[in-house]
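When the sequence shown is numbered by the UniProt record's numbering, its final residue is 307 and no position is left out of the sequence of numbers.
Glycine residues also receive a C-beta, built at the ideal position from the N, C-alpha and C atoms.
Since the structure is predicted, the reported quantities are computational estimates derived from the model, not experimental observations.
Below is one structure, written out as structure tokens, with a few remarks after it.
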Amino acid sequence: MTDERNFRSSYYEKVGFRSVEEKRSLEILLKEHPFDKMKLKQFCLRFTVPAIYRNLIWKILLDVIPVYIESHEFIMKQRKAEFEDLLKALKVTKFMEDNTKPHLMLLTMWLLRTRRTKIDMSTQLESSLYRAMSRMAEALWHIIDTDSGQDKLVDVYWILCGLLNQVQKFHAEVGRLQECTCTLLEREDPELSKHLARIEALHNLPFDMWFYSCFAGTICNGSIAKIWDKITVGAYKILVFVAVIMLTTLRRVLLRTDSIDSVLNTINNITEKMSELIVNKAIESWQQSGSTLTSISQNTVNITQST
């Protein structure tokens, strides 16, 4: 039986249907009651979550709903009630206009719920952290595949809360993430690293925006969800690999650039096909490095030694 399964897995992978086995493995995990959150985390570390299950898996891992399936309906009713209270509060306090875009509305609701709102909301949203979070909210709006209307708003809002909470956990470490990126790039592609340094681009890249937004708005929405599968379980070390692979994948064009503006123009025009290539290579490189759930503060020193 084991030999048969191994043969089948090998065959699926060769013909491009590796996801068939992954989906089947996840469906087995979802038959457990209650759900085993640790097994689901390990699945996210090893594989890509099938789109059909992503909404459910993310809500479980981000603590939107519990592992007990019989409680889901009740909990989501409570989540919806809180959502409606926050929405009403935004309208009463005039933090939201009738034409406010959904992703900005959801971000403002998170700020209100976490007691971060300021009177001058427009200025607050212009900070690098909140501009990045806004990009994340906008990307998530397009990623989450659920019924339209109020139910989608509620789901996207609570998943966004979970993702933003993850960003809050590591945003103070962005400087170290940047250091790791530069060190790893120098090791992987010394020529590109020296070129970017020579034109004074390497240390002026928008690392804050990339890491705070988990590459929302840089990597296309159709591919970024694969990275966010890892972010939901706190494995944000992967962001370093996304940055390095993105730069090395674009190396031929970047080596012809002569300014930071030219570099940014190249990066800001990444296609869907290129996004998929970058994400897949980044995940592979990250997994080969010995990906874990430990924090960046524990792994910063060894990141380039473990690949």
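Give me whichever residues DSSP pairs with residue i in a beta bridge.
| i | result |
| --- | --- |
| I219 | A216 |
Counting along the chain, where does the alpha helix (DSSP H) carrying residue i start and finish?
| i | result |
| --- | --- |
| I278 | E272 to Q288 |
| A132 | S128 to I143 |
| I199 | Taken as a continuous stretch (DSSP letters only), I199 belongs to no alpha helix (DSSP H), as it is neither H nor E. |
| Y157 | Q150 to F170 |
| T93 | Unbroken run through T93: none, as it is neither H nor E. |
| K39 | K37 to R46 |
| Y53 | A51 to L61 |
| V233 | No alpha helix (DSSP H) holds V233; DSSP gives it neither H nor E. |
| N268 | Segment: none, N268 is in no alpha helix (DSSP H) and carries neither H nor E. |
| D108 | Note that residue 108 corresponds to Thr in the displayed sequence, not to Asp. P102 to R113 is the span of the alpha helix (DSSP H), which, as asked, contains T108. |
| T257 | Run containing T257: none; DSSP gives neither H nor E here. |
| E186 | V174 to E188 |
| residue 316 | A query on residue 316 cannot be resolved here, the shown segment of the chain reaching from 1 to 307 and no further. |
Between residue i and the rest of its own chain, which residues show a CB-CB distance below 6 Å, the 5 nearest in sequence each way excluded?
| i | result |
| --- | --- |
| S223 | S275, E276 and V279 |
| S134 | L107 |
| R8 | Because R8 carries a pLDDT of 46, less than 50, the predicted location of this residue cannot be relied on, and the following value inherits that uncertainty. There are no such residues. |
| L196 | L202 |
| A225 | I143 |
| M209 | A132 |
| H103 | A137, E138 and W141 |
| G217 | R135 |
| L30 | none |
| T100 | none |
Do you know whose CA, among the options, lies nearest residue i's CA?
| i | options | result |
| --- | --- | --- |
| D155 | K59, W228 and K41 | K59 |
| W141 | R24, L106 and L185 | L106 |
| Q287 | V240, T266, R251 and I57 | V240 |
| R256 | E191, E284 and K230 | E191 |
| I270 | D258, V253 and I283 | V253 |
| F43 | I231, V263, K101 and K237 | I231 |
| K80 | I65, Y53, H195 and E70 | I65 |
| N265 | G175, L247 and K37 | L247 |
| Q150 | I199, K77 and S285 | K77 |
| N204 | L250, K281, S259 and K273 | S259 |
| P50 | I238, E272, D208 and W228 | W228 |
| I57 | I75, K37, S71 and F74 | K37 |
| Y212 | K194, S193, G175 and H195 | G175 |
| D120 | T114, D208 and T93 | T93 |
| Q166 | Y236, A225 and T117 | Y236 |
| I267 | C220, A225, S285 and A282 | C220 |
| C214 | L177, S193, K194 and R198 | L177 |
| L163 | K118, N55, E284 and V263 | N55 |
| S193 | V263, R115 and S127 | V263 |
| T114 | L86, K101, E272 and T100 | L86 |
| K23 | F35, K39, L45 and Y53 | Y53 |
| S128 | A172, L112, F95 and L90 | A172 |
Which same chain residues, not among the five before or five after residue i, have their C-beta less than 8 Å away from its C-beta?
| i | result |
| --- | --- |
| N6 | With a pLDDT of 42 at N6, under the threshold of 50, the predicted position of this residue should be treated as unreliable, though the coordinate-derived value follows. Around N6: no qualifying Cβ. |
| L160 | L106, L107, W110, M136, A137 and L140 |
| E97 | none |
| H72 | I65 and P66 |
| T249 | M274, L277, I278 and K281 |
| S25 | F43 and F47 |
| P206 | L264 |
| I238 | I227, K230, I231, A282, I283, W286 and S291 |
| L90 | M96, M105, T108, M109 and L112 |
What does a CB cutoff of less than 7 Å around residue i pick up in its chain, not counting 5 residues either side in sequence?
| i | result |
| --- | --- |
| V244 | T181, L184, L185 and E188 |
| T123 | none |
| Y157 | F83, L106 and M109 |
| E200 | I260 |
| S10 | Interpretation of S10 is limited by its pLDDT of 43, a score under 50 that renders its predicted location unreliable; no figure is taken from the coordinates. |
| I75 | I65 and P66 |
| H33 | I69 |
| L45 | K230, V233, A235 and S291 |
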